[in-house]
Amino acid sequence: MTQLNQCQVNNGGCDQLCDLEGGIAKCKCKEGFLLQSDGKKCKEVERLDETSLNLESCNRQNGKCSHKCFQEPNGVRCACRGGYKLLPDNKGCT
């Protein structure tokens, strides 16, 4: 029996691009867009000025997050995988 490619059904629920990784649909965005915290929708990136360049980005060293990184308007938000707790530095997990 052939395994169902989740990306072939409704684009895997993704707003723009869908890649199959380990049999699971993973949403990605086209250049100039960022994947939102829902893991499905993409939002156009605003042009960066000098002050914006200082913001952390999930694209650089996973935003310094130990586990999960979500791009937010003012920088990044880190989260931990199940069974782990976010440390007081809001970056590491234990």
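FYI, in my numbering the residues of the sequence shown are 145 to 238. From the three backbone atoms N, C-alpha and C, an ideal C-beta is built for every residue, glycine too.
Measuring CA to CA, which of R225, C158 and G236 is closest to I168?
One-based indexing of the sequence shown puts residue 168 at position 24. When each option's Cα is compared against that of I168, the closest is C158.
Give the DSSP bridge partners of V113, in chain order.
The structure shown does not extend to residue 113, since the chain spans only 145 to 238, so no value can be given for it.
Just the Cα atoms here: how many angstroms apart are A223 and C202?
As a working note, residue 223 is residue 79 in the sequence shown. As a working note, residue 202 is residue 58 in the sequence shown. Straight-line Cα distance between these residues: approximately 12 Å.
Nearest-angstrom Cα distance between C237 and R204?
Residue mapping note: residue 237 aligns to position 93 of the sequence shown, counting from 1. Residue mapping note: residue 204 aligns to position 60 of the sequence shown, counting from 1. If I take the Cα positions, the gap works out to 18 Å.
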